[in-house]
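Written out below as structure tokens is the structure these notes cover.
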Amino acid sequence: MRQPSGSWSAQRTLRRPRRVYSGPNQPRRPAVTVELTYFVSYAHADQAPTGRLLDLLAPRLAIARGYRFRHWIDDRIAVGERWTDAIGAVLAGCDFGLLLLSPSFLASGFIRREELPTFIERISNPGGGAGSEAETRIRKPLVPVMLKPIPLDGSADLAGLDQLQLFRDRERRAFTETRGHTADAFADQLVAAMLTKLRRIWPQDTP
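Residues in the sequence shown are numbered from 1 upward in steps of one, following full-length UniProt numbering.
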């Protein structure tokens with residue numbers, strides 16, 4: 001099934017990210033670094049491939065000109081802290097979400113109830129007949145990545161994500177279908193796609 005192009009244009013007001021000005025001589029238009037925090041949404045059953053992908057993304061995002069990225073993942077919750085409160089606070093404050101899709105991700109009731117509604121909402125189609133599919137609207141920018149293969153033929157409930165463009169590499173592979181240099185290429189292509197989209201939302205050359 002061909003996926004329709006997804007839009008990152010949030011339906012609600014985006015949080016204004018922090019901008020850091022640099023340049024020793026204070027030029028008339030100083031260099032600007034946009035600081036962005038992203039929330040990593042993943043299934044615990046996918047912890048190993050999630051870790052591998054994040055390890056590949058970290059150095060590539062660290063050298064992205066004009067941006068400074070911080071990611072948040074739930075292994076940072078302090079001992080004794082209410083994890084639902086911690087996750088809720090980060091979801092509210094993050095700039096965008098990195099959603100690592102897999103069968104386990106889509107089967108997670110917690111992800112569907114607590115995490116996905118931060119990024120998308122399902123709107124019933126008033127013009128459609130009985131059984132018509134609801135429309136997916138974006139509430140906060142998101143990067144949906146196919147971590148593991150998931151069916152795109154309409155046989156699975158993708159929680160509305162099937163209406164968005166899901167990232168796969170140029171060979172249409174999920175991350176777990178790559179190894180070695182192809183995994184590196186997957187990360188390179190993902191970072192390039194992320195930066196292309198993010199620059200449309202947060203141009204780094206605008207104070």
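Don't be surprised by glycine CBs; every beta carbon is placed ideally from N, CA and C. Source: prediction; values computed, not measured.
My output table needs one value for residue i: the three-state DSSP class, helix, strand or coil.
i: Arg28; result: In this predicted model, Arg28 has a pLDDT of only 47, less than 50, meaning its place in the structure is not dependable enough to derive any value.
i: Ser124; result: coil
i: Arg137; result: strand
i: Glu35; result: strand
i: Arg168; result: coil
i: Ser104; result: helix
Determine the extent of the beta strand (DSSP E) in which residue i is found, giving its start and end residues.
i: Arg190; result: Per the sequence presented here, residue 190 reads as Leu, with Arg not at that position. It is not in any beta strand (DSSP E) - Leu190 instead sits in the alpha helix (DSSP H) that spans His181 to Ile201.
i: Leu142; result: Leu142 to Met146
i: Tyr67; result: Tyr67 to Trp72
What separation, rounded to the nearest whole angstrom, lies between the Cα atoms of residue i and residue j?
i: Phe96; j: Pro203; result: 15 Å
i: Arg199; j: Phe119; result: 19 Å
i: Met194; j: Val143; result: 7 Å
i: Asp46; j: Ile150; result: 13 Å
i: Leu57; j: Val191; result: 7 Å
i: Thr84; j: Pro49; result: 24 Å
i: Cys94; j: Tyr38; result: 5 Å
i: Leu106; j: Arg65; result: 34 Å
i: Tyr67; j: Leu158; result: 31 Å
i: Asp188; j: Gly88; result: 30 Å
i: Glu135; j: Leu152; result: 17 Å
i: His181; j: Glu171; result: 13 Å
i: Cys183; j: Arg52; result: Reading off the sequence shown, one finds Ala at residue 183, where the question assumed Cys. One C-alpha to the other measures close to 9 Å.
i: Lys140; j: Thr33; result: 21 Å
i: Asp162; j: Arg137; result: 12 Å
Quick test of your reading: residue i and residue j, contact by CB under 8 Å. State the CB separation rounded to the nearest angstrom.
i: Leu98; j: Glu115; result: The pair is not a contact, with the Cβ atoms about 11 Å apart (cut-off 8 Å).
i: Leu147; j: Ser102; result: 5 Å
i: Phe110; j: Val145; result: Contact doesn't hold; Cβ gap of about 19 Å is too wide.
i: Gly160; j: Arg113; result: That pair is no contact at about 14 Å.
i: Met40; j: Leu54; result: Note on identity: in this sequence residue 40 is Val, with Met being the wrong assignment. With 8 Å as the limit, Val40 and Leu54 qualify as a contact, their Cβ atoms being about 7 Å apart.
i: Ala43; j: Ser108; result: 5 Å
I'd like the span of the alpha helix (DSSP H) that includes residue i, first residue to last.
i: Gly97; result: No alpha helix (DSSP H) holds Gly97; the beta strand (DSSP E) holding it covers Phe96 to Leu101.
i: residue 250; result: The structure shown does not extend to residue 250, since the chain is modelled only from 1 to 207, so the question has no answer here.
i: Arg52; result: Gln47 to Ala62
i: Gly93; result: Trp83 to Gly93
Is there a Cβ of chain C sitting closer than 8 Å to that of residue i, yes or no?
i: Ala62; result: Annotation note: the requested chain C is absent from the structure, which comprises a single protein chain.
> Given 8 Å as the limit, is there contact between the region 29-45 and the region 165-176, that is, 3 or more CB pairs closer than that?
Replying inline: No: fewer than three Cβ pairs fall under 8 Å.
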